[in-house]
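> Going by my numbering, the sequence shown opens with residue 5, and the numbers climb by one from there.
We put the CB at the ideal spot given by N, CA and C, even for glycine.
Values in this document were obtained by computation on a predicted structure and should not be read as measured data.
I have a structure I would like to understand better, so I am pasting it below and will then ask my questions one at a time.
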Amino acid sequence: MEWTKEQRYRTLKEAGGDEMAELKARVDSCPWRQMFHIQPGTGLLNDPNGFSYYNGEYHLFYQWFPLGPVHGLKYWYHMKSKDLVHWDDAGVGLEPNDYYDSHGAYSGSAIEHEGKLHLLYTGNTRDENWVRHPYQCLAVMDEKGNISKLDKAVISSVPAGYTDHFRDPKVWKEGDTFYAVIGAQRTDETGCIVLYSSPDLLDWTFEGEIGTNLNPFGYMWECPDYFELQNHGVLIFSPQGLAPVGDKYQNIYQSGYIIGETLNVQQKTLKHGDFIELDRGFDFYAPQTMVDPNGRRILVGWMGLPEIEYPTDRNGWAHCLTLPRELSIRNGKLIQQPVAELQALRGPETKAEDTIRNESKTYDGFTGTAYEMVCEFTNIDAAEFGIEFRVSEQEKTVLTYDAAAKKVILDRTLSGEEVGADYGTIRKCEMDAAKVKFHLFVDVSSVEIFINDGEEVFTSRIFPQEDSDGIRFFASGGSAAFQAVKWNLRQNPEEGQRYDCNEMAMLGK
Ligand code: FRU
């Protein structure tokens, strides 16, 4: 269905109960609803926002258009958790109903200040000629979880030299000063990041642009995130407008980071290395990080991309968030590992161990549509080896290590219903290693693959039939030994939960 502007910019209240009930029924009948990922009750989810730890709980909001699988009037939807695994539905977080966010409560971040969680975000507005005007806005959440928005925006204009593509503040504190990075587009239509400072989160001073040597590098940088880790400065952002280079930048938009010396906020220049993509799969964008009380730096991304149709659109919903990943730095690269708490999802365990040679083999108990699996390959003289999963006669998703090319390859050509095929159905990345460890989290319509303890990650949606549940191990052009462990999801329905994030919203919470 084609969505008109009028339909996209309606509020939840304007939609009414019948429309939402019909939509919810369509969503619930979708065969691709996830088991252990945060997904919208109805409509479209995009960026993670306000990821934080406050008052004894993790808080994670997401960009949400409730009324259908399109980008329309965005809300913040609020989830909270004690363990990063089991998430409670906390209802709508921010409603776009003020002069400064009339056309969407866009992305932003959270920080605790004076005992309250402060949410700094972009208010998107359009005038009668549909010209965009962004505001940076503040809302405050108290210990009871009540969120109140300020009467006025805290940054009301875009500095000279930048266009109205100016959004997604990520805030942090250094000494007594708050800083925020904002994603921007220069008037010459190149992307960059600017820095603001504030003593109190209310009065903000434009400090200027963060100098990098990526000039130019795409036409817009979205969702910046600056943090320090192991004495390095890390700047994550999502640049738009990069052309593919070899195996890199294959998706419609990218998401990655530069690492260097810590940011000198006076000079605002970052001495840094190459831009590195965070994820080598098909569906990953706009990640956000937070630091938890144990000092861990944790990242969550949007498992989706703008401007691509997904098969769940037919059922009135789209996208989910990734699992939380713990970050560290090794050899100038970010290493991403699933947070240890995710082991709570593990139910009954199955193991297999074998040496395979020019064959493809199955093993008892190695089937499923939602599970975690770790497989380590050693003693490799095969030219290629790997795992096929979500297999049936017609379908398979193939994860290969090509030992000659020294590349990991994810192939979703036969994964089921097509998605984003204009951007190809194969993703590859270099990996030079004598041992290869694949750590997979397979959910009903996605896979996250951590390679060699988080050196690379491939995150992808897949849309196979429900009965495509086979798993095969293969080696060609020689042999490889492997050890595999697979965990089914814990059976307790509370554990392998299906999220229903819309019920409370419909009650107007
Ligand atoms: C990234 C993004 C952000 C914006 C938000 C709107 O996906 O375009 O730049 O704030 O989504 O939903």
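1) Would you call the CB atoms of cysteine 196 and glutamate 213 closer than 8 angstroms?
2) In angstroms, rounded to a whole number, what distance separates the CA positions of glutamine 271 and aspartate 180?
3) Looking at the strands, I want to know which residues DSSP matches up with aspartate 189.
4) Can we count histidine 137 as close to the ligand FRU, meaning its CB is less than 7 angstroms from some heavy atom?
5) Roughly how many whole angstroms lie between the Cα atoms of threonine 293 and proline 173?
6) Can you tell me whether arginine 502 is helix, strand or coil according to DSSP?
7) I need the boundaries of the beta strand (DSSP E) containing valine 238, first residue and last residue.
8) For threonine 8, tell me which candidate among Gly72, Tyr57, Arg37 has the shortest Cα-Cα distance.
9) Between valine 74 and the rest of its own chain, which residues show a CB-CB distance below 7 angstroms, the 5 nearest in sequence each way excluded?
10) Which same chain residues, not among the five before or five after valine 440, have their C-beta less than 6 angstroms away from its C-beta?
11) Suppose only complete runs of 4+ residues qualify. What are the alpha helix (DSSP H) ranges in the segment 69-97, listed by chain order?
12) Roughly how many angstroms separate the alpha carbons of serine 160 and glycine 76, rounded to a whole number?
13) Nearest to isoleucine 339 by CA position, among Pro70, Gly299, Leu233, is which residue?
14) Shorter than 7 angstroms, the distance from the beta carbon of tyrosine 314 to the closest heavy atom of the ligand FRU, or not?
15) If you measure from the beta carbon of proline 73 to each beta carbon in chain C, is any gap under 8 angstroms?
16) At a threshold of 7 angstroms, does alanine 184 count as lining the ligand FRU (C-beta to nearest heavy atom)?
17) Quick one, are the C-beta atoms of isoleucine 151 and leucine 98 less than 8 angstroms apart?
18) Using a Cβ-Cβ cut-off of 6 angstroms (strictly less than) and excluding sequence neighbours within five positions of isoleucine 312, which residues of its own chain qualify?
19) With respect to 7 angstroms, is the separation between the Cβ of serine 113 and the closest non-hydrogen atom of the ligand FRU below this value?
20) Applying the 10 Å Cβ sphere with the 16-neighbour rule, what's the burial state of arginine 171?
21) Within the same chain, show all residues whose beta-carbon is closer than 7 angstroms to that of tyrosine 289, passing over the 5 residues directly before and after it, in chain order.
22) Does DSSP put threonine 373 in a helix, in a strand, or in coil?
23) Among all the DSSP beta bridges, which residues are the ones paired with serine 124?
24) Can you tell me whether glutamine 38 is buried or exposed? The criterion is at least 16 other CB atoms within 10 Å of its CB, across all chains shown.
25) Using 8 angstroms as the threshold, is the C-beta distance between tryptophan 134 and alanine 109 below it?
26) Compute the minimum distance between the beta carbon of lysine 78 and the heavy atoms of the ligand FRU, and state whether it is under 7 angstroms.
27) As a quick exercise: from Gly390, Arg394, Asn59, pick the residue whose alpha carbon is nearest that of alanine 407.
28) Measure the beta-carbon distance from tyrosine 261 to valine 238 and round it to whole angstroms, keeping in mind my assumption that it falls under 8 angstroms.
29) Over the uninterrupted alpha helix (DSSP H) stretch that includes arginine 12, give me the two end residues.
30) If you drop the 5 nearest sequence neighbours on each side, which residues of the same chain put their C-beta closer than 6 angstroms to that of methionine 224?
31) Hey, is proline 291 close to the ligand FRU, as in C-beta under 7 angstroms from one of its heavy atoms?
32) Below 6 angstroms CB to CB, which residues in the same chain sit around aspartate 436 once its five sequence neighbours on both sides are set aside?
33) CA-CA distance, alanine 537 and methionine 83?
34) Any heavy atom of the ligand FRU inside 7 angstroms of the beta-carbon of threonine 126?
35) Where glutamine 43 and leucine 325 are concerned, what is the direct C-alpha to C-alpha distance, given to the nearest angstrom?
36) Give the straight-line distance between the Cα atoms of asparagine 235 and isoleucine 360, rounded to the nearest whole angstrom.
In short:
1) Pairing cysteine 196 with glutamate 213 gives a Cβ-Cβ distance under 8 angstroms.
2) Just so you know, the alpha carbons of glutamine 271 and aspartate 180 end up roughly 18 angstroms apart.
3) Per the sequence shown, the amino acid found at residue 189 is glutamine instead of aspartate. Looking at the DSSP output, glutamine 189 bridges to Gly195.
4) Relative to the non-hydrogen atoms of the ligand FRU, the Cβ of histidine 137 never comes closer than 7 angstroms to any of them.
5) C-alpha separation (whole angstroms): 13 angstroms.
6) Any answer about arginine 502 is weak, because its pLDDT of 47 lies below 50 and its placement is not dependable; what the coordinates show is given next. In the structure shown, arginine 502 sits in coil (DSSP, three-state: anything other than H, G, I, E or B).
7) Counting along the chain, the beta strand (DSSP E) containing valine 238 begins and ends at 236-244.
8) The shortest Cα separation from threonine 8 among Gly72, Tyr57, Arg37 belongs to Gly72.
9) Trp7, Arg12, Leu48, listed in sequence order.
10) Scanning its chain for C-beta atoms nearer than 6 angstroms, with the 5 sequence neighbours on each side dropped, one finds around valine 440 the residues Phe381, Tyr405, in chain order.
11) Runs of the alpha helix (DSSP H) inside the segment 69-97: none found.
12) Linking serine 160 to glycine 76 through their CA atoms gives a straight-line distance of about 22 angstroms.
13) For the set Pro70, Gly299, Leu233, the Cα lying nearest the Cα of isoleucine 339 is the one of Leu233.
14) Between the ligand FRU and the CB of tyrosine 314, the shortest heavy atom gap is not smaller than 7 angstroms.
15) Absent from the structure is chain C; it holds one protein chain and no more.
16) Alanine 184: no, Cβ never under 7 angstroms from the ligand FRU.
17) For isoleucine 151 and leucine 98, yes; Cβs fall inside 8 angstroms.
18) Gly424, listed in sequence order.
19) Within 7 angstroms of the C-beta of serine 113 there is not a single heavy atom belonging to the ligand FRU.
20) Result: buried.
21) The residues Ser242, Tyr257, Ser259, Gly305, Trp306, Gly308, Leu309, in chain order, have a CB closer than 7 angstroms to that of tyrosine 289 in the same chain once the five nearest residues on each side in sequence are set aside.
22) Looking at threonine 373 - three-state DSSP - the assignment turns out to be coil, as it is neither helix nor strand.
23) According to the sequence displayed, residue 124 carries leucine and not serine. Bridge partners of leucine 124: Ser113, Leu142.
24) Buried.
25) For tryptophan 134 and alanine 109, no; Cβs fall outside 8 angstroms.
26) Yes, Cβ of lysine 78 sits closer than 7 angstroms to a heavy atom of the ligand FRU.
27) Comparing Cα positions, the closest option is Gly390.
28) Contact between tyrosine 261 and valine 238 holds: their C-beta atoms lie close to 6 angstroms from each other, under 8 angstroms.
29) Residues 9-12.
30) Annotation for methionine 224: His169, Gln189, Gly195, Gln244 place their beta carbon closer than 6 angstroms to its own, counting only its chain and skipping 5 residues before and after.
31) Because no heavy atom of the ligand FRU lies under 7 angstroms away, the Cβ of proline 291 does not count as near it: no.
32) If we look at aspartate 436 and ignore the five residues flanking it on each side, its Cβ neighbours are Lys410.
33) Absent from the model: residue 537. The displayed extent of the chain is 5 to 513, so no value can be given.
34) Short note on threonine 126: C-beta closer than 7 angstroms to some heavy atom of the ligand FRU.
35) When only Cα atoms are considered, glutamine 43 and leucine 325 end up about 7 angstroms apart.
36) Near 44 angstroms, if we compare the C-alpha coordinates of isoleucine 360 and asparagine 235.
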